[in-house]
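**Q** Input: one structure, supplied below.
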């Protein structure tokens, strides 16, 4: 079973929840999991000793502002203790790295953008190599239609390190899974389009193509604002900091 399908089976139920509740639930789950991993992969007695020594040194430094030499010596000592604490915490960090990466990738693919809805006009931007010439032909699949001209004129775009050419079209369609074909210089690529009223699923926003004069196609889905003006990642990071701060004390993890 593909990894994406495994993640969908494990976390797909979150797609039926309000985005804020879903992101907070993932944040809480990861926070608890990371603290459990930390508790059982580190010497908590030693971690506690190091943390208490760091806290004590920081308090003492506040009383040594008029004694710069003693303060400097204590700062060096604290840096050494911090380095020891960091080495101990490195193991749980490495253990959590792959699960976090997989889950972040899944979240970005499901909570990063708004889905497309029936008859909603959206853009598709085609990027081509600099050597590309002529026009881009757009051929929508069944259930899709081009809004405007189906032959696109290329424009040059200057990037940081290289230049390329782009063309943008507008599309709309009925509910369902569709595809649209772009052809330039006798080479064609196909882009998946998902239009829905019942789920938060959307096709990959950026599709990259190899061995083609067309290098990528980007869809114009609106970004999903989960909380206030924050996307899923900003909401996750803020909530995770709060959850870990509280749970660390409750679970007595150092």
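Residue numbers (the working numbering): 39 to 292.
By construction, the Cβ of each residue, glycine as well, lies at the ideal position given by its N, Cα and C atoms.
Whole angstroms is fine: what's the gap from residue 258's alpha carbon to residue 162's?
**A** Here the question's residue 258 lines up with position 220 in the chain shown. Here the question's residue 162 lines up with position 124 in the chain shown. Looking at the two C-alpha atoms, the distance is approximately 6 Å.
**Q** Taking 9 Å as the threshold (C-beta atoms), are residue 250 and residue 62 in contact?
**A** As a working mapping, residue 62 is identified with position 24 in the chain shown. As a working mapping, residue 250 is identified with position 212 in the chain shown. No, they are not a contact pair.
**Q** Could you have a look at residue 118 and say whether DSSP puts it in helix, strand or coil?
**A** Residue 118 sits at position 80 when you count from the first residue of the chain shown. In the structure shown, residue 118 sits in a helix (DSSP, three-state: H, G or I).
**Q** For residue 220 versus residue 169, is the C-beta spacing smaller than 9 Å?
**A** Within the chain shown, the letter at position 182 stands for residue 220. Within the chain shown, the letter at position 131 stands for residue 169. No, the Cβ-Cβ distance between residue 220 and residue 169 is not below 9 Å.
**Q** Judging by CA-CA distance, which residue of 131, 76, 94 is the nearest neighbour of residue 116?
**A** Residue numbering aside, residue 116 sits at position 78 when the chain shown is read from its first letter. The shortest C-alpha separation from residue 116 is found at 94.
**Q** May I have the straight-line CA-CA distance separating residue 243 from residue 143, to the nearest angstrom?
**A** Along the chain shown, one-based indexing puts residue 243 at 205. Along the chain shown, one-based indexing puts residue 143 at 105. Taking the straight line from one Cα to the other gives about 13 Å.
**Q** Please go through the same chain and pick out, in chain order, the residues whose beta-carbon is closer than 7 Å to the beta-carbon of residue 213, but skip the five residues on each side of it.
**A** Sequence index remark: in the chain shown, residue 213 carries index 175 (1-based). Excluding sequence neighbours, residue 213 sits near 156, 233, 234, 235.
**Q** Do the segment 129-138 and the segment 74-88 meet, that is, are 3 or more Cβ pairs less than 8 Å apart?
**A** With a cut-off of 8 Å, the segment 74-88 and the segment 129-138 count as touching, because enough Cβ pairs lie within range.
**Q** From this set, 165, 264, 91, which residue's C-alpha is nearest residue 145's C-alpha?
**A** Position 107 of the chain shown holds residue 145. Comparing Cα-Cα distances from residue 145 to each of 165, 264, 91, the minimum goes to 264.
**Q** Does the pairing of the segment 49-63 with the segment 146-153 give three or more beta-carbon distances under 8 Å?
**A** Segments in contact, yes.
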